[in-house]
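Down below is the structure, laid out as structure tokens.
Numbering (the working numbering), first residue to last: 17 to 334.
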């Protein structure tokens, strides 16, 4: 099977055929991932490692090249772990994986040939709805649509598509960094069929992940539990009850956490944390609303967003 070769498509390597012996019941052959950032490129990588033909979509050459670079660097780390003493096998693993990946700026053309489309773009419901409304017109009737949203209602995103598509529209929430994190939340709306859910469960298993099922509720499972925990740690600092370092040390040594809550907030991104909190507050959808944090608001207003900006609760510039 060859990928399309329009001028908007830039293969990384020549595409290889997909063995029919490893197809899912849905016969998923081609996966399209919209978004070449950390999440999108991570989903592309694990799909390619599982030998799915996968197209990574973004709007600019620079974004696609950055996504390609993220994948290449990550694959090198994986290869060194898998074949620590064999550089030839490391190179072979990387090259063979990249053969399954294609870069493109044409979402419509990729969607028209896709069995599964996963969106991993900005957490803005209007932007997501506009994208899916467009893709719904060109994708095959049996293509499965998924959003990787971590906080927005999947049901609301799916409203931009036809009634038939809503039965094939779910949340597929991977965790960062995707190649390392083993969990995927499959978010079932009231419309999603059992067959679509089973197909997604099979897909997540094929890409080496463990899936959990959850309803389309605020934060799903992980963030509904995790975000209030992190925010309460911030509010301890707001109230000057303990220092940033002591809060993190206490939870690592006293509760066995691998990372303190404020370290974790920096890793997630403080702007993402604030976006989730603001969204929950605006929707008024929680039985017990999460309180705002003064220090979170101050850090975000200064552009100190955590690891990605070089500074958050901690200074990463050095």
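Ideal placement from N, C-alpha and C gives every residue a C-beta, glycine not left out.
Excluding sequence positions up to five before and after residue 267, its CB lies within less than 8 angstroms of the CB of 249, 273, 276, 277, all in the same chain and listed in chain order.
Taking 9 angstroms as the cut-off, the beta carbon of residue 153 is found no closer than this to the beta carbon of residue 173. Residue 198 places its beta carbon less than 9 angstroms from that of residue 224.
Separation of residue 241 and residue 270 (C-alpha to C-alpha, rounded to the nearest whole angstrom) is 19 angstroms.
Beyond the five residues adjoining it in sequence on each side, residue 265 comes within less than 8 angstroms, by CB distance, of 276 in the same chain, given in chain order.
Annotation: the continuous alpha helix (DSSP H) that includes residue 292 extends over 286-299.
Secondary structure note for residue 85: its alpha helix (DSSP H) is the uninterrupted segment 77-98.
Within the DSSP secondary-structure output, residue 73 pairs in a beta bridge with 50, 120. With a 10 Å radius around the Cβ and a threshold of 16 neighbouring Cβ atoms, residue 106 comes out buried. Annotated three-state conformation of residue 265 is helix, per DSSP.
Annotated three-state conformation of residue 324 is helix, per DSSP. The region 172-226 contains, as complete beta strand (DSSP E) runs of 3+ residues, the segments 185-190, 199-204 (chain order).
Close CB contacts of residue 159 within its chain, under the 8 angstroms cut and outside five residues either way in sequence, are with 127, 130, 131, 132, 133, 184 (chain order).
For residue 306, there is no enclosing beta strand (DSSP E), as DSSP gives it neither H nor E.
Here residue 108 is exposed. Its C-beta has fewer than 16 other C-beta atoms within 10 Å.
Cα atoms of residue 66 and residue 151: separation of roughly 25 angstroms, rounded to the nearest angstrom.
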